[in-house]
Each structure stands twice: as C-alpha cells, then as structure tokens.
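In the order they appear, the protein sequences are chains W and E. Here the first sequence stands for residues -7 to 196, numbered as in the working numbering. Here the second sequence stands for residues 441 to 670, numbered as in the working numbering.
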Amino acid sequence: MGHNHAHPKKAWQAIRTEAIESLLNEINVLSSDDVDRVVRHYEENVGPRTGASVIARAWVDPGFKKRLLADGLAACEELGIGGPETELLHVVENTPAVHNVVVCTLCSCYPWPILGLPPAWYKSSAYRSRLVREPRKVLSELGVVLADEIEVRVWDSVSEIRYLVMPERPDNTEHLSESELIDLISRDHMIGVARTIELNGQEN
Amino acid sequence: MNGIHDMGGLHGFGPVAVDPDEPVFTSRWGSRVFCMTQVIDSLGIWNLDEHRHEIELMAPEDYISHTYYGRWMFAMERILERRNILNREEVDRRTEEIAADRRKFTPLQPAGRNWPLAEGDKVPWGAWRKNEVVEPEFSEGQWVRVRNIHPPGHTRVTNYTRGKAGEVFRVNDQAWVFPDTRAHYRGENLQAVYTVRFDAQTLWGEEYAEPNSYVYIDLSENHLELMQED
C-alpha cells in the first residue's frame, strides 16, 4: 500500500487522495474550489445546532410539533432546513415510557442536513453491530441507564428514510427562551445515546 | 451480499469508543474524499446504491482497516475506472509522482476518456421518484415475514431480520427505488418501504434478548411477504 517513502509521516491515503483530486481537476470532472465549498458547508453551516433548533421549536410551538411528527422534512423546510441525504424524515418522540435510539447497521446513514456529519463512534463497527442486539447495554456504557419498564426502540435506518429523536422537554424550563432551549439539546440527545437534559448544562 | 458491512448483531467489536472533542473531519484527506464524492454525486456518474455496493465489494480486511472515508475512496476509484473516466494506472502513477515530490507530472493521454458524459449516459442519484405513485401491498398493523433471501449482489435487507416476523408499523407509500436492482442497473422497481417492528426476542432469542426492546427497520416491499393467518 505504501508509495510513501518520501513522506514517512503522510498516510498513503492522504497521498492517493491528493493524486485523485489533482487528476479530477485536470480532466475537468470537478474543481477543488467546488470541493472547498462543500468542506466549508459541512464545517461551518450544518451541525447539531440545526437539529436542536428544530426540537426547540417543537417544544415551544405545539402546532409545529404536530407538523414535525407528521412530516419531518416539510416542517424543517419551514425553518429553511434541507439538503442531500435526507429524502424523508421521521421524528420519533421520547416519553417517560419510551426511549428511541438511531443506528444504521449497513453503512452509517444519518440525517446530514439536520445534524451535520455523524461522529466516528456512530460509524464504528462496535456501534453498528451491537446497538440492535444489546441496546440497553450499549446505552448504559454511554451513560444512559434505562429501567426495564422503559421501552427501547432502536431505529435501524437502512433505507432512505432518516430519523431524529425528540428528547423530552425538561421540567422548569418555561422561563427559558427558544435559543436557551436550543443550548440544552445535544447531538447525542437527537441520536438517542443521551436521554435526560440537565438545566445546568450537564447531560447523561 | 453477505458481507462484513452487514454488521447488525455481530459480536467481538468491543465497547463504543467516543471522542468528545472530535472535529467534523478528523483528517484532511477524509474531508477531500467525502466532499469530492458530494460533488461527483451530482454529475450523473453513479447512483447511490451502486456507490454503496462498491464499498461492500471491498475485501473484508480492507473494509475494516481502511476506515470510513477509505471505503469511499475505494468506491470512487473503482466506479470512475468502470465508467472509463479515470483508471487505476493513472492514479497509481500520479500517487507515486506526488510521493516522490516530482514537480512535473506525466501528462495524461486524452484519447478515449468517457468525459464529459453524454446527456443520455447520466444516471439519476436520488431514491424517491416524486412524480410517480405506487400502490402498497401491505398495510399498518399487518404481520409480515422478511423473505429468507441471500442475494450475492447489493441488498438492503439485513441478515439479522431475514426469515423473521414483524408488524408493519408504518407504510412509507412514496415511490422508492428498489436498491437491490438499481445498484446493478436492472431497473428502479419503484415500491413502498415499510417500517417493520420486531420484538428483540424474535430477533435474538429468549435467552439473550434484552427485555422490553424493539427494533424498527425500513424494508422494501420486495423483501417482505404477508404472514398467513392461522
């Protein structure tokens, strides 16, 4: 694999990628400027805060929540949110009796326009293999210990439908503004590997 | 195909390792591969199922060791070569020249390259055909069994659900492309996709299933059959 004697510290994949990009530029399949723009989009424009803004709006606006649960993407479009790799979005709601958590066992399908790109652990063999078989054990290792009475629903999103978990709004947050609510909601809440939302910023 | 990519239920991968301070991209090359793929997705060179299947065709040891964006690089190279846009020899040579810090690269041979693509040679990428209507065969609340099939090509029916019975939770009655055939250019076969609910005990057996747990998975109509009423 290594043609990398001149760059002992540079991974062979880095050099090979550079080669492919220079060739694709040369034959006019793409331009690096276009690639730069996509990099900036994923680094700067999209991320979990987008999803958090959707959830916070649903918490404060029952009409929006109803529309979000009926057609996730249409409701997101009301907030100007959309993009590739999510053709249909189902929002699944946590309740005192139900906990939802999302995985893709076949690759790593994930609602990019809503949450940004997935973290490495979401794409890991361990998460993909174990979550469907032992969700309670995986969740407890990640800090979410669920009583047996709470039903666990694992959503294996192997088709083109994407999932977003709506965590429960914590008590005593009536005084908070929408943007303060957004600050409480993390990526992990919306994948479902975190459940309770602590008002002092801690989560589990 | 029954490949290493079909990971649901496998043992042996250990704990889920979390890096709380992970950046959006952990390597520059990974970001270039991912974002080049995003650009190419819009050019009509490949469809998304073909791209996924190409990743599945990696040698299992490479699938594990090349990491996530390494799989994308593999698929990109292979399809570009198959489409006669860029071949492996050209990539190998350029890689060696960059590694050796050559300032001047060997010029490419222009003849015979399938680029730019003719309009009629472009393929649509997405999976939902909004101008089409399908008639779903199953309805919510019905019990279905996942067909026990082991196709050697691309499929989105996971091994761990095959032969298992579940309840239709939701009918996604949009016109979805059937990935198993589209990946191989054997037609789009538009059909409904069903969210099917499985009890953990059905999937993993009474001895090892966790209590009060369910898996919901989206399956194409062609992967399901109606269970006979007793």
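Every residue, glycine too, gets a C-beta built ideally from N, C-alpha and C.
Endpoints, the beta strand (DSSP E) within which residue i is located
| i | result |
| --- | --- |
| E:F609 | A605 to W616 |
| W:I7 | That residue, W:I7, is in no beta strand (DSSP E); its alpha helix (DSSP H) goes W4 to E18. |
| W:R29 | Segment S24 to R32 is the alpha helix (DSSP H) holding W:R29; no beta strand (DSSP E) there. |
| W:V84 | L80 to E85 |
| E:V584 | W583 to V586 |
Assigned secondary structure, residue i (DSSP; H/G/I helix, E/B strand, else coil)
| i | result |
| --- | --- |
| W:H181 | helix |
| E:T635 | strand |
| E:G448 | coil |
| E:R522 | helix |
| W:V130 | helix |
| E:L666 | strand |
| W:L109 | coil |
| E:E517 | helix |
| W:L61 | helix |
| E:W555 | coil |
| E:V531 | helix |
| W:I189 | strand |
| E:W565 | coil |
| E:D502 | helix |
| W:R161 | coil |
Span of the alpha helix (DSSP H) around residue i
| i | result |
| --- | --- |
| W:I47 | P40 to V52 |
| W:D140 | Here W:D140 belongs to no alpha helix (DSSP H), and DSSP marks it neither H nor E. |
| E:L659 | Element bounds for E:L659: not the alpha helix (DSSP H) but the beta strand (DSSP E), S653 to S660. |
| W:Y102 | Run containing W:Y102: none; DSSP gives neither H nor E here. |
| W:Y114 | A112 to K115 |
| E:V711 | The structure shown does not extend to residue 711 of chain E, since chain E is modelled only from 441 to 670, so the question has no answer here. |
| E:M672 | As shown, chain E starts at 441 and ends at 670. That puts residue 672 of chain E outside it, with no answer to give. |
| W:H91 | No alpha helix (DSSP H) contains W:H91, which is instead part of the beta strand (DSSP E) from V90 to V95. |
| E:H493 | L488 to E496 |
| W:L176 | E170 to L176 |
| W:I153 | Looking at the DSSP string, W:I153 is not in any alpha helix (DSSP H); the run it does join, the beta strand (DSSP E), is I153 to M158. |
| E:R622 | P619 to R622 |
| E:W644 | A640 to W644 |
Cutoff 9 Å: residue i Cβ touching any chain W Cβ
| i | result |
| --- | --- |
| E:P500 | no |
| E:G454 | yes |
| E:L643 | yes |
| E:W616 | yes |
| E:M441 | no |
| E:A605 | no |
| E:N524 | no |
| E:R492 | yes |
| E:P556 | yes |
Beta-carbon contacts of residue i that lie in its chain and below 6 Å, excluding the five residues immediately before and after
| i | result |
| --- | --- |
| W:N160 | Checking the sequence shown, residue 160 of chain W turns out to be Glu, not Asn. N86, listed in sequence order. |
| E:E521 | N527 and R528 |
| W:L176 | I189 |
| W:Y34 | L109 |
| E:I525 | N554 and W555 |
Spatial neighbours of residue i in its chain, beta-carbon cut-off 7 Å, leaving aside the 5 residues before and after
| i | result |
| --- | --- |
| W:L22 | L16 |
| W:G39 | G108 |
| E:E572 | A615 and L630 |
| E:E530 | L548 |
| W:L134 | V185 |
| E:R523 | I485 and N554 |
| W:A48 | E170, L173, I174 and I177 |
Contact check, residue i vs residue j, beta carbons under 9 Å
| i | j | result |
| --- | --- | --- |
| E:G448 | W:T188 | no |
| W:V157 | W:V52 | no |
| E:F578 | E:L643 | no |
| W:I205 | W:H82 | There is simply no residue 205 of chain W to check, as chain W begins at -7 and stops at 196 in what is shown. |
| W:S100 | W:R120 | yes |
| E:V636 | E:T598 | no |
| W:E18 | E:I538 | no |
| E:E647 | W:E126 | no |
| E:R518 | E:L497 | yes |
| E:T535 | E:W512 | no |
| W:C68 | W:L60 | yes |
| E:H624 | E:E494 | no |
CB contact below 9 Å: residue i versus chain E
| i | result |
| --- | --- |
| W:H181 | no |
| W:A(-2) | A caution first: W:A(-2) carries a pLDDT of 49, below 50, which makes its placement in the model too unreliable to give a value. |
| W:L156 | no |
| W:D175 | no |
| W:L15 | yes |
| W:E172 | no |
| W:K58 | no |
| W:G108 | yes |
Residues near residue i in its chain [Cβ-Cβ closer than 8 Å; skip 5 each side]
| i | result |
| --- | --- |
| E:S467 | Y509 |
| W:A89 | E141, I142 and E143 |
| W:A66 | R59 |
Closer than 8 Å: residue i CB and nearest the ligand NAD heavy atom
| i | result |
| --- | --- |
| E:Q614 | Questions concerning the ligand NAD fall outside what the structure shown contains, since it holds no ligand whatsoever. |
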